[in-house]
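A.B. asks: Chains as they are written, first to last, in the numbering used here: chain A, 1 to 328; chain B, 329 to 656. Glycine is no exception: its CB is placed at the ideal position from the N, C-alpha and C atoms. No experiment lies behind these values; they were computed from the predicted model shown. Provided herewith is a single structure, encoded as structure tokens, for subsequent inquiry.
2 protein chains.
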Amino acid sequence: MTDVAAAAGVSHQTVSRVLNGSELVRADTRARVEAAIAELGYRRNNAARLLVTNRSRRIGMISAHLVLHGPSMIAVSVQDAGHKAGYDVSLVAVEDFSTQSLREAVGRLLDEAVEAIVVAVAHREALEQVRSLDAAVPIVVVQGVSAGQPMAVGIDQEAGARLAVEHLLDLGHRHVAHVTGPLEWVEAGQRRAGWQLAHEERHVLPGPELAGDWSPKSGYEAGLRIAEDPDVTAVFAANDGMAIGLIYALHAKGRDVPGEISVVGFDNVPEAPYLWPALTTVDQEFSLLGRRAVELTLQALAGDLDPSTQLIRPALVLRDSTAVPRLG
Amino acid sequence: MTDVAAAAGVSHQTVSRVLNGSELVRADTRARVEAAIAELGYRRNNAARLLVTNRSRRIGMISAHLVLHGPSMIAVSVQDAGHKAGYDVSLVAVEDFSTQSLREAVGRLLDEAVEAIVVAVAHREALEQVRSLDAAVPIVVVQGVSAGQPMAVGIDQEAGARLAVEHLLDLGHRHVAHVTGPLEWVEAGQRRAGWQLAHEERHVLPGPELAGDWSPKSGYEAGLRIAEDPDVTAVFAANDGMAIGLIYALHAKGRDVPGEISVVGFDNVPEAPYLWPALTTVDQEFSLLGRRAVELTLQALAGDLDPSTQLIRPALVLRDSTAVPRLG
DNA sequence: GATGAAATTGTGAGCGTTAACATTCCGCGC
DNA sequence: GCGCGGAATGTTAACGCTCACAATTTCATC
Chain A
1 MTDVAAAAGV
11 SHQTVSRVLN
21 GSELVRADTR
31 ARVEAAIAEL
41 GYRRNNAARL
51 LVTNRSRRIG
61 MISAHLVLHG
71 PSMIAVSVQD
81 AGHKAGYDVS
91 LVAVEDFSTQ
101 SLREAVGRLL
111 DEAVEAIVVA
121 VAHREALEQV
131 RSLDAAVPIV
141 VVQGVSAGQP
151 MAVGIDQEAG
161 ARLAVEHLLD
171 LGHRHVAHVT
181 GPLEWVEAGQ
191 RRAGWQLAHE
201 ERHVLPGPEL
211 AGDWSPKSGY
221 EAGLRIAEDP
231 DVTAVFAAND
241 GMAIGLIYAL
251 HAKGRDVPGE
261 ISVVGFDNVP
271 EAPYLWPALT
281 TVDQEFSLLG
291 RRAVELTLQA
301 LAGDLDPSTQ
311 LIRPALVLRD
321 STAVPRLG
Chain B
329 MTDVAAAAGV
339 SHQTVSRVLN
349 GSELVRADTR
359 ARVEAAIAEL
369 GYRRNNAARL
379 LVTNRSRRIG
389 MISAHLVLHG
399 PSMIAVSVQD
409 AGHKAGYDVS
419 LVAVEDFSTQ
429 SLREAVGRLL
439 DEAVEAIVVA
449 VAHREALEQV
459 RSLDAAVPIV
469 VVQGVSAGQP
479 MAVGIDQEAG
489 ARLAVEHLLD
499 LGHRHVAHVT
509 GPLEWVEAGQ
519 RRAGWQLAHE
529 ERHVLPGPEL
539 AGDWSPKSGY
549 EAGLRIAEDP
559 DVTAVFAAND
569 GMAIGLIYAL
579 HAKGRDVPGE
589 ISVVGFDNVP
599 EAPYLWPALT
609 TVDQEFSLLG
619 RRAVELTLQA
629 LAGDLDPSTQ
639 LIRPALVLRD
649 STAVPRLG
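Here it is in structure tokens:
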């Protein structure tokens, strides 16, 4: 910086002012400084800057299971929204949810001087733990959110599940079976709750519940069991991956989808329209979620701690994997 | 730090030594300092540290198309391998490949004081541009790599494509059609080259070539065309997503897979085994790629600029979407 | 041309750490 | 008991930037 100042014949402070877009610099001085900067290929040293301003313009994000559609979409969307708001986003992926590993993740972010942390971990206990760590910076939750939580934006999983189940009941199915996600995931619990509620509201008993873990394989295994059960005419799988495994099992067992059994997924992965049959599923608007999360974070940074929970409503996407149940 | 020093009754330098694991601190002094640190909940300020050491222990990564399987797997694996080597990894996603936007991405990373940059952008021109930007830090390329490139690790796309095509020819297909990825992508070109070469080697003419863009939709469109062509009995799709769209189109047109037409994909996405039919495809070992990339980066940081290109060999995964061609 | 207020520029200190060097401590041999 | 040497600790000066304030210039006004 001193070099630039010398080259432009001004003081280092004037260079600093130019860099920060201050109004108080005469146009020709600014031009001279900018020329010198370009000339010398100078870059401002952010460490020094951070040291004195104490503002990193960086927000941290804790994420898990980045291989899954939802988490990865959320990570990308938050990152993107953050950049657009002039923030860098540091992502740290955790592999397990031990206090140890979460503490380490938070520590890592704090070491990077993040101004806030966005937690995108749907694991019930993990969420509580991160919250209880209270890290002197605002924490915003974007996944595994339930109504009434402060500083949280999420997608209304329960509503999405109801959309799916009600669609099947509307078609005339007596009840709907459900392949759950791993129930330590808040989302999995919420989708399951939506499935139950939709039945309760119509005063019918839900169909059988099978445990899955998001993987196509677990959907496949559930499908093998469902194929044996003549009572089941409709299944709501808690995500598209399991729906794919499920349908595969049904095909393998000679059961037609949707002729004999209707299937609805959750996520609307890009290949959903091209599965055979094209998958009816629930679409979540992740990019909106990312934007909202960053908005909320910025708000928190401005000292405005919003105690309300924003829930984005998902939408049902009708395709070919659901049909009126075959009579008799 | 001063506070900690005061609390422990030592000088700040001693605290610094404890923090850096220096040998020259007596055990009881160290214990006292550590107690004070825990007591006060002190965290070292990395900005100040970076300012004086000039070592950020951070590597940057430029990535694109994080929604696609390959890029996202690579991003995760590099990040992971980096963390394990004690480095933070900053990811910046670019959306287009203009000089402008790449320059900005590199700039953003440089501003974060990264010690090296891993470029995971398969776009031909983009790669050259980033290289030509010469950013005073080592640059390692992990995607869109071809043999003979310095400082690069990649997966041998051409070999993978040959595996796929040779398998089909071995089954007895006269030739193989190909749905390409967008040809600005190095990978797309390499897979296409492998497809051509496999034919050349056997002195047969390749089947028709159709242009795709990685999306299931483009695979679907290609599929509609292929379904009309009685000559085509086998197709190599440049990724699984297009293979899915392709198979959907064939089904929709009443063509059986693999009975009438065999299909091979590329990527081995998690749902591949559960598609109908289960997809024969080429598997790439992304986690190994990430580790190799980080190794190479560390080597470069140690001043050892490896001019050789490491290519990881992919593997063919046989499933049910390929079969011996129907006679006549 | 003097005056003063506003616009522009400069000066010095300090952010929290590490590096380099200086100092103190401690135990040992004579 | 003295001096010596290495171990342990302390002191001081950067690192490159912004902040608060001081100094200078500019320009309209009379």
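1) Starting from residue 209 of chain A and walking both ways along the beta strand (DSSP E), at which residues does that stretch end?
2) Please classify residue 275 of chain A as buried or exposed, where buried requires at least 16 other C-beta atoms within 10 Å of its C-beta.
3) Since residue 447 of chain B and residue 455 of chain B should fall inside the 8 Å C-beta cutoff, what is the C-beta to C-beta distance between them, to a whole number of angstroms?
4) Assuming residue 177 of chain A contacts residue 234 of chain A (C-beta within less than 8 Å), just tell me the rounded distance between them.
5) One question on the structure: do residue 160 of chain A and residue 314 of chain A come within less than 9 Å of each other, judged by their Cβ atoms?
6) Sorted by chain position, which residues of the same chain lie with C-beta nearer than 7 Å to residue 357 of chain B's C-beta, five sequence neighbours on each side aside?
7) Would you call the stretch 288-297 of chain A in contact with the stretch 68-84 of chain A, where contact means no fewer than 3 C-beta pairs closer than 8 Å?
8) Could you tell me whether any Cβ in chain B is nearer than 9 Å to the Cβ of residue 73 of chain A?
9) According to DSSP, what are the bridge partners of residue 310 of chain A?
10) Starting from the beta carbon of residue 548 of chain B, find every residue of chain A whose beta carbon is closer than 9 Å, and list them in chain order.
11) Count the CB pairs spanning the stretch 317-325 of chain A and the stretch 275-285 of chain A that are closer than 8 Å, and state whether there are at least three.
12) Count the other CB atoms within 10 Å of the CB of residue 203 of chain A; is the residue buried (16 or more) or exposed (fewer)?
13) Touching or not, the stretch 512-520 of chain B and the stretch 469-488 of chain B, by the rule of three or more beta carbon pairs under 8 Å?
14) Would you check if the stretch 208-225 of chain A and the stretch 242-253 of chain A touch, i.e. whether three or more CB-CB distances between them fall below 8 Å?
15) Rounded C-beta distance between residue 74 of chain A and residue 297 of chain A? I'm assuming under 8 Å.
16) Quick one, which of A:48, A:33, A:301 and A:21 has its alpha-carbon nearest residue 380 of chain B's?
17) In three-state terms, what does DSSP make of residue 389 of chain B?
18) Contact criterion: CB-CB distance below 9 Å. Does residue 247 of chain A meet it with respect to chain B?
19) Which residue wins for smallest C-alpha separation from residue 116 of chain A, given the options A:169, A:173, A:130 and A:123?
20) Please state the DSSP three-state secondary structure of residue 448 of chain B.
21) Counting beta carbon pairs with one atom in the stretch 97-111 of chain A and one in the stretch 253-269 of chain A, are three or more of them shorter than 8 Å?
22) Decide if residue 538 of chain B is buried, meaning its Cβ has at least 16 other Cβ atoms within 10 Å, or exposed.
23) Leaving out five residues on either side along the sequence, give the residues of the same chain with a beta carbon under 8 Å from the beta carbon of residue 420 of chain B.
24) Helix, strand or coil, according to DSSP, for residue 467 of chain B in the structure here?
25) Let me check one thing: in DSSP terms, what residues is residue 330 of chain B bridge-paired to?
26) With 9 Å as the threshold, decide whether the Cβ of residue 90 of chain A is near any Cβ in chain B.
27) Are the C-beta of residue 100 of chain A and some C-beta of chain B separated by less than 9 Å?
28) What's the C-alpha gap between residue 72 of chain A and residue 238 of chain A?
29) Would you kindly check if the distance between the Cβ of residue 405 of chain B and the Cβ of residue 496 of chain B is under 9 Å?
30) Is residue 331 of chain A helix, strand or coil when you go by DSSP?
31) Can you grab the Cα-Cα spacing for the pair residue 486 of chain B / residue 652 of chain B, in whole Å?
32) Who are the neighbours of residue 244 of chain A on chain B, taking C-beta pairs under 8 Å?
33) If you drop the 5 nearest sequence neighbours on each side, which residues of the same chain put their C-beta closer than 8 Å to that of residue 308 of chain A?
34) I want to see whether chain B comes within less than 9 Å of residue 308 of chain A, judged by CB atoms only; does it?
35) Between residue 352 of chain B and residue 345 of chain B, is the Cβ-Cβ spacing less than 9 Å?
36) Return the first residue and the last residue of the alpha helix (DSSP H) that residue 525 of chain B is part of.
C.D. replies: Let me lay it out:
1) Looking up residue 209 of chain A in the first sequence gives position 209. That run of the beta strand (DSSP E) goes 209-211.
2) Position 275 of the first sequence, counted from the first residue, corresponds to residue 275 of chain A. Residue 275 of chain A comes out buried.
3) Numbered from its first residue, the second sequence carries residue 447 of chain B at position 119. Numbered from its first residue, the second sequence carries residue 455 of chain B at position 127. Going by Cβ atoms, the distance from residue 447 of chain B to residue 455 of chain B rounds to 7 Å, so yes, they are a contact pair.
4) In the first sequence, residue 177 of chain A corresponds to position 177, counting from 1. In the first sequence, residue 234 of chain A corresponds to position 234, counting from 1. About 7 Å; that satisfies the 8 Å criterion.
5) If you number the first sequence from 1, residue 160 of chain A lands on position 160. If you number the first sequence from 1, residue 314 of chain A lands on position 314. Note that the C-beta distance between residue 160 of chain A and residue 314 of chain A is below 9 Å.
6) Along the second sequence, read from residue 1 onward, the residue named residue 357 of chain B stands at position 29. Only 338 and 342 meet the Cβ criterion.
7) Yes: at least three Cβ pairs fall under 8 Å.
8) Position 73 of the first sequence, counting from 1, holds the residue named residue 73 of chain A. It does; some Cβ of chain B falls within 9 Å.
9) As a working note, residue 310 of chain A is residue 310 in the first sequence. Answer is A:153.
10) Sequence index remark: in the second sequence, residue 548 of chain B carries index 220 (1-based). Neighbours of residue 548 of chain B on chain A, chain order: 273 and 274.
11) yes
12) In the first sequence, residue 203 of chain A corresponds to position 203, counting from 1. Exposed, because fewer than 16 other Cβ atoms sit within 10 Å of the Cβ of residue 203 of chain A.
13) yes
14) yes
15) Translated into the one-based positions of the first sequence, residue 74 of chain A becomes position 74. Translated into the one-based positions of the first sequence, residue 297 of chain A becomes position 297. 14 Å between Cβ atoms; not a contact.
16) Within the second sequence, residue 380 of chain B is the residue found at index 52, counting from 1. Ranking A:48, A:33, A:301 and A:21 by Cα distance to residue 380 of chain B puts A:48 first.
17) As a first step, residue 389 of chain B is located in the second sequence; it is residue number 61 there, counting from the start. DSSP places residue 389 of chain B in strand when its eight states are reduced to three.
18) Numbered from 1 along the first sequence, position 247 holds the residue referred to as residue 247 of chain A. Output row for residue 247 of chain A: interface = yes.
19) As a first step, residue 116 of chain A is located in the first sequence; it is residue number 116 there, counting from the start. Scanning A:169, A:173, A:130 and A:123 for the CA closest to the CA of residue 116 of chain A turns up A:130.
20) Taking the first residue of the second sequence as position 1, residue 448 of chain B is located at position 120. Of the three classes helix, strand and coil, the one that applies to residue 448 of chain B here is strand, per DSSP.
21) These segments do not touch.
22) As a working note, residue 538 of chain B is residue 210 in the second sequence. Under the 10 Å beta carbon count, residue 538 of chain B is surrounded by 16 or more other beta carbons and is classified as buried.
23) To locate residue 420 of chain B, count along the second sequence from 1; it is residue 92. Taken in chain order, the residues that qualify are 388, 389, 390, 391, 433, 436 and 437.
24) One-based indexing of the second sequence puts residue 467 of chain B at position 139. The answer is strand: DSSP assigns residue 467 of chain B an E or B state.
25) Counting from one through the second sequence, the residue named residue 330 of chain B turns up at place 2. DSSP output for residue 330 of chain B lists no bridge partner at all.
26) Locating residue 90 of chain A in the first sequence gives position 90, counting from the first residue. Against chain B, the CB of residue 90 of chain A has a partner CB under 9 Å away; the residue lies at that interface.
27) Within the first sequence, numbered from 1, the residue matching residue 100 of chain A stands at position 100. Contacts with chain B at 9 Å (Cβ-Cβ) do not include residue 100 of chain A.
28) Numbered from its first residue, the first sequence carries residue 72 of chain A at position 72. Numbered from its first residue, the first sequence carries residue 238 of chain A at position 238. So the alpha carbons of these two residues sit roughly 17 Å apart.
29) To locate residue 496 of chain B, count along the second sequence from 1; it is residue 168. To locate residue 405 of chain B, count along the second sequence from 1; it is residue 77. Contact flag unset, no.
30) The requested residue 331 of chain A is not part of the displayed model; chain A covers only 1 to 328.
31) Counted from its first residue, the second sequence places residue 486 of chain B at position 158. Counted from its first residue, the second sequence places residue 652 of chain B at position 324. So the alpha carbons of these two residues sit roughly 24 Å apart.
32) Locating residue 244 of chain A in the first sequence gives position 244, where the first residue counts as 1. Ordered by position in chain B, the residues that pass the 8 Å Cβ test against residue 244 of chain A are 599, 602 and 603.
33) By one-based count along the first sequence, residue 308 of chain A stands at place 308. Cβ neighbours of residue 308 of chain A beyond the five flanking positions: 150.
34) Locating residue 308 of chain A in the first sequence gives position 308, counting from the first residue. It does not; no Cβ of chain B falls within 9 Å.
35) Counting from one through the second sequence, the residue named residue 352 of chain B turns up at place 24. Counting from one through the second sequence, the residue named residue 345 of chain B turns up at place 17. Yes.
36) Here the question's residue 525 of chain B lines up with position 197 in the second sequence. Here the alpha helix (DSSP H) through residue 525 of chain B covers 514-529.
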